[in-house]
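With this note's numbering, the residue at position 69 of the sequence shown is 71, and numbering never jumps. A virtual CB, placed ideally from N, CA and C, is assigned to each residue, including glycine. These numbers were taken from a predicted model, which means no experiment stands behind them.
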Amino acid sequence: MKNTPANDFEMKNVRIRADGQVMRPLYAARIKASNESKYPDDYYEITRTIPAEDAWRPAADSACNLLKTQ
């Protein structure tokens, strides 16, 4: 399973590390002012995508034994 890329409505071709961490990007968002919203549930704007390599602790820095044996 960990060698199979995860694909769904939110993630495309993300991998799962040996410790179970899904290496997916994170998103920084800004809450919109009420006059900026165009439709119901239009609350925020994505301002930046943080790559998975920058968003999660590097495997080399982990204390997880599953990663140490790789």
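Start and end residues, beta strand (DSSP E) containing Glu-12: For this step, residue 12 is matched to residue 10 along the sequence shown. Per DSSP, Glu-12 lies in no beta strand (DSSP E) segment and is marked neither H nor E.
Backbone secondary structure at Ala-30 - three-state DSSP: For the purposes of this step, residue 30 is taken as the residue at position 28 of the sequence shown. For Ala-30, the three-state secondary structure derived from DSSP is strand.
Residue of Pro-27, Glu-47, Val-24 minimising C-alpha distance to Lys-34: Residue mapping note: residue 34 aligns to position 32 of the sequence shown, counting from 1. Ranking the options by Cα distance to Lys-34, first place goes to Glu-47.
Straight-line Cα distance separating Asn-37 from Gln-6: Translated into positions along the sequence shown, residue 6 becomes position 4. Translated into positions along the sequence shown, residue 37 becomes position 35. The identity of residue 6 in the sequence shown is Thr, whereas the question assumes Gln. C-alpha separation (whole angstroms): 43 angstroms.
Boundaries (first-last residue) of the beta strand (DSSP E) holding Glu-47: For the purposes of this step, residue 47 is taken as residue 45 along the sequence shown, with counting starting at 1. If you look at Glu-47, you'll find it in the beta strand (DSSP E) that goes 46 to 52.
Residues sharing a beta bridge with Arg-17, DSSP: Sequence index remark: in the sequence shown, residue 17 carries index 15 (1-based). For Arg-17, which the question treats as bridged, DSSP gives the partners Met-25.
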